[in-house]
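All remarks here apply to the structure that follows.
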Amino acid sequence: MIMRLEKILIRPVRESEEAKYQQLMRMHHYLGAIPKIGETLRYIGIYKEQWVALISFSAAALKCAARDHWIGWSYRHQSGRLKLIVNNSRFLILPAKQTKNLGSKVLSLCLKRLSGDWAEKYGHPILMVETFVDPEQFYGGVYRASNWHMVGYTKGFNRITGGYSRQTEQKKMLFLKPLHRSVQTILSQHKLSHQFNLGEVKMKITAGHMRSLPSFFKEITDPRRPQGLRHRLSTVLGIATGAVLCGMRSYESIFDWAESLTQKARERFGCRYEKGRHEVPSLSIIRNVLVRVDPLELDAAFRRWNDTYAKEDSTLAIDGKVMCNAVDESGRQTQIMSAVGHNTGICYTQKKSERYL
2 MIMRLEKILI RPVRESEEAK YQQLMRMHHY LGAIPKIGET LRYIGIYKEQ WVALISFSAA
62 ALKCAARDHW IGWSYRHQSG RLKLIVNNSR FLILPAKQTK NLGSKVLSLC LKRLSGDWAE
122 KYGHPILMVE TFVDPEQFYG GVYRASNWHM VGYTKGFNRI TGGYSRQTEQ KKMLFLKPLH
182 RSVQTILSQH KLSHQFNLGE VKMKITAGHM RSLPSFFKEI TDPRRPQGLR HRLSTVLGIA
242 TGAVLCGMRS YESIFDWAES LTQKARERFG CRYEKGRHEV PSLSIIRNVL VRVDPLELDA
302 AFRRWNDTYA KEDSTLAIDG KVMCNAVDES GRQTQIMSAV GHNTGICYTQ KKSERYL
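Under our numbering, the first residue of the sequence shown is numbered 2, with each subsequent residue one higher.
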């Protein structure tokens, strides 16, 4: 069947069509179907009411040295801005639907509407699309013909539950397609303009930060009874601080972040070693410590951290939070006012106050 490319239509997959979409991917794509990875949009290409192509866009790769080098952004900015990039995770032209330039046409139509569709569904635009091509299977011709940039190769690690595989496999070609002409400048600048701001100040912490954080809290008075303590105060506060630096804002999200730490990261924080594993503090322990610790001693520890690491901020953001469920025996609820560096995401100082409910 020879198609008239100007008659090709692109639209998102409807909920009632998800099963058919996944079945066709399993049948015809060499990698099979793929579950939704974070924020995801799936499209179908239609010609005369028949499906001719399937394409999906998912969350970007957490780590990719070639991409990060091309963008030029700091690791401090990457975590909070990664949602502005998506991954073209699957692209399938259905058998018997092969027509010259069909792939390029489908890809072009998708990219014209992708950012708008993403903003409508997830509340923020998309600035760039990435994709990985196995050189043993494909040349990447459809991406090259559509003016994507081939910027390098992956290191061969595969993303798995809890991180990345230890063994390297086939290195893949990385293609990038900017959807904004100033994408490198936007993603690498110290402060995002308001239309691209995702509403959270985040940074990534290094292995060195993980090792050093607990040491800044060793002099703080432990408000807990000494009997039955399972986790050092410095470890609990170090993990909580690391989570907040990475964008966590509630007790539950701090605990979820702690739970996601690898065994190596837990070791760096000095977590308790028990039955062959490093264990992180529970949600109740984290909440109990943060509610009861002396705010003046905590503020002094933050200042020591800032004196050591916070050297890149030219502007500050002032942010106030009411701590949910942080109510003492007298019925007073805790409020926190913070000064956060725009460039690093580091909290320079906090003022804790309490008011009656």
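The beta-carbon is built from N, C-alpha and C at its ideal position, and this holds for glycine as well. None of the values given here were measured: they were computed from a predicted structure.
According to DSSP, simplified to helix, strand and coil, what is E220? Three-state DSSP puts E220 in coil, outside helix and strand.
When the Cα atoms are used, what is the spatial distance from D308 to G277? Using only the alpha carbons, I get a separation of about 36 Å.
Chain-order list of residues whose beta-carbon lies under 8 Å from that of C65 (same chain, five-residue window excluded): Hits under 8 Å: E131, T155 and L175.
With 16 as the cutoff for other CB atoms within 10 Å, does H29 come out buried or exposed? So H29 ends up on the exposed side.
What is the rounded straight-line gap between the Cα of I94 and the Cα of I47? Roughly 11 Å separates the two Cα atoms.
According to the neighbour-count rule (16 or more other Cβ atoms, all chains shown, within 10 Å of its Cβ), is R267 buried or exposed? Answer is buried; the Cβ neighbour count reaches 16.
Please classify R5 as buried or exposed, where buried requires at least 16 neighbouring CB atoms within 10 angstroms. With fewer than 16 other CB atoms across the displayed protein chains lying within 10 angstroms of its CB, R5 is exposed.
Could you work out which residue in T242, H181, G104 and N88 is closest to L291 when comparing CA atoms only? Looking at the Cα atoms, T242 is the closest of the given residues.
Per DSSP, cross-strand counterpart(s) of M174: Note: M174 sits in a beta bridge opposite V134 and Y154.
So, with DSSP's three-state summary, where would you put Q42? For the record, residue 42 in the displayed sequence is Leu; it is not Gln. Here L42 sits in strand by DSSP.
Residues near K219 in its chain [Cβ-Cβ closer than 6 Å; skip 5 each side]: Excluding sequence neighbours, K219 sits near S235.
Inter-stretch contact at 8 Å, needing at least 3 Cβ pairs: the segment 269-276 / the segment 292-307: Per the Cβ contact rule, the segment 269-276 is not in contact with the segment 292-307 (fewer than 3 Cβ pairs under 8 Å).
Under 9 Å between the Cβ atoms of L103 and V53? At a Cβ-Cβ threshold of 9 Å, L103 and V53 count as neighbours.
Among L299, K106, L214 and E298, the one whose alpha carbon lies nearest that of Y310: Answer by Cα proximity: L214.
Could you give the distance in angstroms between the alpha-carbon of R182 and the alpha-carbon of L128? Going from the Cα of R182 to the Cα of L128 covers about 9 Å.
Just verifying my parser: in three-state terms, what is the DSSP assignment at V294? Coil at V294, not helix or strand.
Do the segment 33-42 and the segment 107-125 touch if we need at least three Cβ pairs shorter than 8 Å? Contact between the segment 33-42 and the segment 107-125 is present, with at least three C-beta pairs closer than 8 Å.
According to DSSP, simplified to helix, strand and coil, what is G10? Checking the displayed sequence, the identity of residue 10 turns out to be Leu instead of Gly. L10: strand per DSSP, three-state reduction.
Using the DSSP secondary-structure output, state which residues sit across from L55 in a beta bridge. Residue pairing by DSSP places L55 opposite I45 and L93 in a beta bridge.
Under 8 Å by Cβ, that's how I've got I221 and D300 pegged, so tell me the actual separation to the nearest angstrom. About 10 Å separates the two Cβ atoms, so there is no contact after all.
Does DSSP put G164 in a helix, in a strand, or in coil? With a pLDDT of 47 at G164, under the threshold of 50, the modelled position of that residue is not reliable, and no figure is offered here.
Using the rule of at least 16 other Cβ atoms within 10 Å of the residue's Cβ for burial, across every protein chain shown, is P179 buried or exposed? With 16 or more other Cβ atoms within 10 Å, it is buried.
Less than 9 Å between the beta carbons of I9 and V107, yes or no? A contact, by the Cβ cut-off of 9 Å.
In this structure, how does DSSP classify E50 when only helix, strand and coil are distinguished? Three-state result, E50: coil.
Does the beta-carbon of A209 have 16 or more other beta-carbons within 10 angstroms, so that it is buried, or is it exposed? Per the sequence shown, the amino acid found at residue 209 is Gly instead of Ala. Burial check for G209: the Cβ neighbour count within 10 Å stays below 16, so the residue is exposed.
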